[in-house]
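Each remark here refers to the structure printed beneath this line.
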Amino acid sequence: MMKVFHCVPVTDIVSESISCVASSTETFLVGTESGALLKFSLPDTDDPGELADGAKLTGKLRLNNGKKVTKVELLESLQVAVCIEDGNVHLLSLGLNSPGYILCRNASTFCVHEVGRDSTPGTQAGDRRNERAAVDFLPELCVALKRKIVLYSKPGTDFQPYREIALGDTPLSLGWRDKWICIGTAKEFLSLRDDREQATEILALDGQTTRSPPNLLLLPDGEVLILGLENLGIFFNLDSQTPSQRNTIKWPVDLLQVSVCLPYIVGIAASGTVDVYSIHGQSLCQTFHLPAPLTSIATTGNRLLVASNAAVNCLFPVPVEQQIHKLLLEGRTGDALDLLSANFGADDPRRAAELGALHNLAGWVEFSRLQFAPAFRHFSYAGVDVLRIISFWSADLPKWWKTPSVYSEENSSQSSSTRLDRALVPPVQEVSRFIRDRTAQTKAGDGGQQGEAKHQVLLELANSSMATFLSKERTSLLLGRPERVDWDALREVANAAASAGAVARAAETKEELLSLLLTLVDTLLFLLMVEGDDERWKGLLLGSQQPLTCSVEDCREFLLSIDRPDALAVMLSRFGFREQALEMWAKIVKGELRIAPRATTVSDGVQEMLALLHAPELLGDSGHDDSVQMKDKQREEELLARYAPLVLRADPTSARQLFFSSPGTTSRYRISPTLVVKLLQGVEDPCLSQRLQESFIEEVVMKAPDEQPQTCCQEKEEDREEAERQFALWQQEARELQTQLAKTYIDRLLASSPSATEAPGGQMQPGDVDVREKLLRLLETKENYDVHALLLKVEGSWLLKEAAVLYGRLGRHLDALHTIAVQLRDESTAEAYCLMMNDALQAFVDRLSPEEYSSLVASDASFEIPPTSNGNNLFLQPGGQGEGSPRNFCSIFSPNSPWKKQRDDLPQALRLGGLVPLPALGNPRRSVPSLSVSQFCGKAREGTSGVSADPGIRKAGPRRSACMLRALLQVLLRAWRQAAADPETASEDALTWKRSILNLLSKYGAHPDLEPSRVVRLLPDDWLLTEVADYFVASFRERLHDKLTATLQEQLSTVAYLHTYSDWARQRSSCFVITPERSCPVCTRRLGLTAFVAYPDGTCVHIQCAGDAVTLKPSQEPSAGSRQFDESSPFSVGASGHSTNFLLS
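Numbering (my numbering), first residue to last: 46 to 1190.
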């Protein structure tokens, strides 16, 4: 058990028997059994030599009755002493130079009003002396009489009663602190606020009698300690009127009195026993004995006086620092923490600093005992000087490191507390030597081999614990929150770094010093993790959020010395030394560099080389200009030629990762495909080599860009030209590869399925289906292949779909539609093809003049115009986005083609844009006579139909189009004529083609491609009008709708103009009479013959009085639709209240 109080006798009184004692800072009073009061002075110090027998008698007074003084208190601010003798409460001068007077009689006890006040920490640096909580005694008294208490105050020169409070029993003990008065009677304990009249019961004694009067002690924070039955001390919260969250205290003996010296409660027994308990932990801290019998105890806040019959002893607490240091040296860290918690509560502002200092010392004590794990746990809590700990690992630090002299020199001028701390902190030395010296002191006969093994285990444990600690410390440094830094030592390290040339100049500001400290922490942390084979070193090195600040040169020598060139290679790669990293990995793969056998966090050298060789592609996505990347093409090709064979020899399947680009990247155009093919030819397995070459060509062809990548506008001209030249060379190679690949696919299809047909019953092998899908994907999504060369191979074969695509690329749309609609019998794809080509040629026809467009449409020249993609592949969904993107390719021949979806939606959109059926037309099949098409066209030209078919009559012409649907109509009519001319198929095929033609006309009757004036010239003369009635009705309705819409818009514009003109005319016709007496309401001067402004309500003001907002303009006729003379729009004039429009007169 720790000794928390020193006991020093301060005086002996032989002639009197002491009954009570009271104390202040430098004075204490003693009451005797014979009715005398003795005054002593006592030095305010904690030095035992000065306190021993240091009390000096300075006054003495004997009361008249000569009875026992049962209680005495001091009011130092008033220099008044209060005592009770034989039921009489006496007020005396503190100097005891006068007998004073009796305040009241028949009193059982009394107390003075205490007000607690918090102490403030010492201002001197390094002063850790506890400033105990103290109390002020107000000039107020509470006197206990029979079944009541009386409160006294001193408004003037004398104490006067100002309140009486009735009770159910006579008080035997009292306490008054802050706003609470606590009362103890023979039956119960009560609490009472000093501003209220009703007491509240705290604890009932149930009529039982005790051997001693009820004791209570008021504590800070609104608590009271009640000494009830069976020597139990119960804590009660007065504010909440509930028991406190503290354990009860079981006193071993019957207490005579109890007092407080924070954070301890001290109780005395008549037998001479003194027990000391902690308030925070409610644990027994110390027990000692004084000469019996003990009679009284008193406190001054920071020390206690205990009186026996003939002596007074002073109890002063042992400094907390000394207690903590002693506990730490004994290895009792838990007890030291309990002691600190007992002296510094959770709400004490000094607790954080004291707790940090304790953890700091505890950490160094554990460190000295080679208990590294608990030591660094304490360091983590303490905010220790990390530079001092780093100094123990000087062998792992850069060459320029020099241990600061402040860590190796003892300063005799340090304070006693600092020297006491230094006694627990070991001197700085290299950690391996430190462990060896410590183990040598406790080896106790260990053999050399056993001792070396123990040393190695302890060193690894120290390194591991240090790495964990530095990881947390690094986070604090990155956040700019260093807990504790020795700035002088850090400046010394900065000067050493500058002297060695490691930095340009010595760090001066705190930010620069912290940056240097972070560099040291990163260096040591990285090296310790690598040496300990901790897998976290990769995350630390490769993490993007908090990159390491150490340098490669500071780590190179150490990593090579511990046989970890793999970590050095990863570090070189991380810091941008790509070629050095490649060379390092190549040596590792070849076996030229050795890796420590116990290392388990070694990366695969082949995969690391693969990632480094693949790095340019990653660089291509980092925002750099493509022209800058192209400058390094030769260097990249040299690296591939040097290191790719080594990678392919070790793992041929890695070629896909090495040469094939990732999805969404475009940087592979920087490497020549010819070089890649040559490298792939070096693979030892011929079959694997052939597959890799073919896969690479497919990769280049299907994922390579067809357009020149965008370059920066601020790029130099020569750089831009070089970029274009490099891309042109690459594109030429890619073009040859595209054509080569397409020919390979065609040859394979023609060779494997020579008799395959496009008939519904035709079957293809699964492998051929995949090849054909690749071929269609290539033909539809790529544009750099040789169309003519490929067309020569497929034309006349069964590859009709491929031929149709190639016809479309060349602008031979009639041939493409004939192949799709006639040979393949795929009308839905033919319609989708028309919509796709209309979209592709839309920009072209929009640029034509009206004359050029009319000539183009009349001559059907648009059927021979090759499409342009404008950066978007024409076979994709409109706009080159969505489902039809290259990644989710869907051929136009597929039922899920987005163009076919647009084909299905277009007729509905056309129908929604027309008019509802007109009553005059009625049912077209019943109202139109059975005339031939030629007869109907003639009547239409004569105007008998009532609806013009000439598009030129319409004010706003139809949207321009390439008329691909009309081309399809021509193809279908040609097929019908051929079928009708063939006597063998006339009855069946001709009817089928005719239904297709009528279906096309009825579906797209309102489309601008199928203009009636053009369509009627194509239809056969012998077709009945009833057969194409649906087409004509839909077409004429759409044109009638446009004409009526234009007429309605024109009429609405006329009405709006008339309204505006009427308002303008009415305003202009207004007349205002200005008499000689009429004045301006703004300036009150007459208007006279000057210019004025007239408002619609008749108010007239001078033009200059109308304000700056009036802008004079010549009268002009308002335009149609204008409402600038609307009377509802407000206008403010100067200081007047007018807010209406005005006219100028």
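A virtual CB, placed ideally from N, CA and C, is assigned to each residue, including glycine.
Since this is a predicted model, take the numbers as computed values, not measurements.
Query - Reduced DSSP secondary structure (H/G/I, E/B, other) of V1078 - result: helix
Report task. To the nearest angstrom, report how far apart E840 and M654 are at their CA atoms. Result -> 48 Å
Query raised in the report: From I129 to Y309, what does the alpha carbon distance come to, in whole angstroms?
Result: 28 Å
Query raised in the report: What first and last residue would you give for the alpha helix (DSSP H) that runs through K583?
Result: 581-587
Query raised in the report: Are the beta-carbon atoms of L219 and Y207 separated by less than 7 Å?
Result: no
Report task. Provide the residue span of the beta strand (DSSP E) that contains Y322, from first to last. Result -> 318-323
Query raised in the report: Between the segment 272-288 and the segment 296-313, do at least 3 Cβ pairs fall closer than 8 Å?
Result: yes
Query raised in the report: Just how far apart, CA to CA, sit E682 and F417?
Result: 52 Å
Query - DSSP three-state assignment for L604, whether helix, strand or coil - result: helix
Requested in this report: Please classify T802: is it buried, with 16 or more other beta-carbons within 10 angstroms of its beta-carbon, or exposed?
Outcome: Because the pLDDT at T802 is just 48, under 50, the model does not fix this residue reliably, and the point stays unresolved.
**Report entry** Cα-Cα separation, G145 to E185
**Finding:** 17 Å
**Report entry** Selection from L572, Q501, V473 that minimises the alpha carbon distance to T513
**Finding:** L572
Query raised in the report: CB L703 to CB L658, shorter than 7 Å?
Result: yes
Query raised in the report: Below 7 Å between beta carbons: does that hold for V890 and R854?
Result: no
**Report entry** Option in E233, C227, L123, D240 with minimal Cα separation from G201
**Finding:** L123
Requested in this report: Keeping to the same chain, check which residues put their C-beta closer than 8 Å to that of R238; ignore five residues upstream and five downstream.
Outcome: K224, W225, I226
Query - Outcome for W582 when other beta-carbon atoms lying within 10 angstroms are tallied against a minimum of 16 - result: buried
Query raised in the report: Taking only runs of the beta strand (DSSP E) that begin and end inside the segment 277-305, which ones reach a length of at least 3 residues, in chain order?
Result: 277-282
Query - S302 classed as buried or exposed, judged by whether at least 16 other C-beta atoms fall within 10 angstroms - result: The question names Ser, yet the displayed sequence has Gln at residue 302. Buried, since its Cβ has 16 or more Cβ neighbours within 10 Å.
**Report entry** Within the segment 1081-1157, ranges of the beta strand (DSSP E) (whole runs, at least 3 residues)
**Finding:** 1137-1139, 1145-1147
**Report entry** Beta-carbon gap between F938 and H858 smaller than 7 Å
**Finding:** no
Query - Continuous alpha helix (DSSP H) stretch holding I435: start and end - result: 431-435
Query raised in the report: From P216 to A249, what does the alpha carbon distance come to, in whole angstroms?
Result: 14 Å
Query raised in the report: Cβ of V66 versus every heavy atom of the ligand NAD: is any distance shorter than 6 Å?
Result: Among the components of this structure there are no ligands whatsoever, and the ligand NAD is therefore not found.
Query raised in the report: What's the C-alpha gap between P1126 and A1091?
Result: 52 Å
Query raised in the report: Looking at C-alpha atoms only, which residue of H1086, I791, R529, S1006 is the closest neighbour of A398?
Result: R529
Requested in this report: Please state if the CB of L106 and the CB of L141 are separated by a distance shorter than 7 Å.
Outcome: yes
Query raised in the report: Q205 bridges to which residues according to DSSP?
Result: S198
**Report entry** Reduced DSSP category for I58 - H, G, I as helix; E, B as strand; rest coil
**Finding:** coil
Query - 7 Å Cβ cutoff met for L372 and A381 - result: yes
Report task. Enumerate in chain order the residues of its own chain whose CB-to-CB distance from V615 is below 8 Å, with the five nearest sequence positions on each side excluded. Result -> K583, L586, L587, A626, S648, E653
Query raised in the report: Just curious, the beta strand (DSSP E) that P362 is in, first and last residue?
Result: 356-362
Query raised in the report: Under a three-way DSSP split, which group does C879 fall into?
Result: helix
Query - Beta-carbon contacts of K635 that lie in its chain and below 8 Å, excluding the five residues immediately before and after - result: L691
Query raised in the report: Just reading off the alpha helix (DSSP H) that L862 is part of, what are its end residues?
Result: 858-862
**Report entry** Proximity of L886 and A875 at Cβ, strictly below 7 Å
**Finding:** no
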